[in-house]
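Remarks on the structure that follows.
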Amino acid sequence: MAKIKGTVVVDAERCKGCELCVVACPMKVLALSGEVNGKGYRFSRMVSPEACTGCASCASVCPDSCITVYRQKFTEP
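Sequential numbering from 1 applies to the sequence shown in the UniProt record's numbering.
See below:
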């Protein structure tokens with residue numbers, strides 16, 4: 001049976017660290033980074049990439065549209 005694996009790509013320079021995506025993620029995949037971007041904001045990043053289902057809840061709540069979600073089908077052996 002095919003499953004969906006997701007990958008979240010955050011444009012770190014555009015992210016202002018509002019944490020809306022972190023709260024919206026049902027799988028707790030995202031968290032704010034300890035680093036800051038060029039504007040001095042902590043940006044969102046994937047902390048549990050294996051848990052991402054590609055639901056795109058994070059991207060839909062992002063006010064700055066700096067999140068892209070990719071989905072890929074794969075079959076388990």
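Here a beta-carbon is modelled for each residue, glycine too, at the ideal position from N, C-alpha and C. These numbers come from a predicted model, not from an experiment.
Residues bridged to residue i (per DSSP)
i, result
"Phe2", "Note that residue 2 is Ala in the sequence shown, not Phe. Bridge partners of Ala2: Thr75."
"Val22", "Answer is none; Val22 lacks a bridge partner."
"Val9", "Thr68"
"Val36", "Arg42"
Integer-rounded CB distance, given that residue j should sit under 8 Å from residue i
i, j, result
"Glu19", "Asn37", "With 8 Å as the limit, Glu19 and Asn37 do not qualify as a contact, their Cβ atoms being about 14 Å apart."
"Thr7", "Cys55", "Actually they are not in contact, since the Cβ atoms of Thr7 and Cys55 sit about 12 Å apart, beyond 8 Å."
"Ala31", "Arg45", "7 Å"
Buried versus exposed call for residue i [16 or more other C-beta atoms within 10 Å across all chains shown]
i, result
"Val47", "exposed"
"Ser60", "exposed"
"Val9", "exposed"
Closest residue to residue i among the options (Cα-Cα distance)
i, options, result
"Glu35", "Cys15, Lys28, Glu50", "Cys15"
"Ser65", "Gln72, Ile4, Gly17, Arg71", "Gly17"
"Pro26", "Ala2, Thr75, Pro49, Phe74", "Pro49"
### Task
Note down, one range per segment and in chain order, each alpha helix (DSSP H) of at least 4 residues found wholly within the UniProt domain "4Fe-4S ferredoxin-type" (43-72).
57-61
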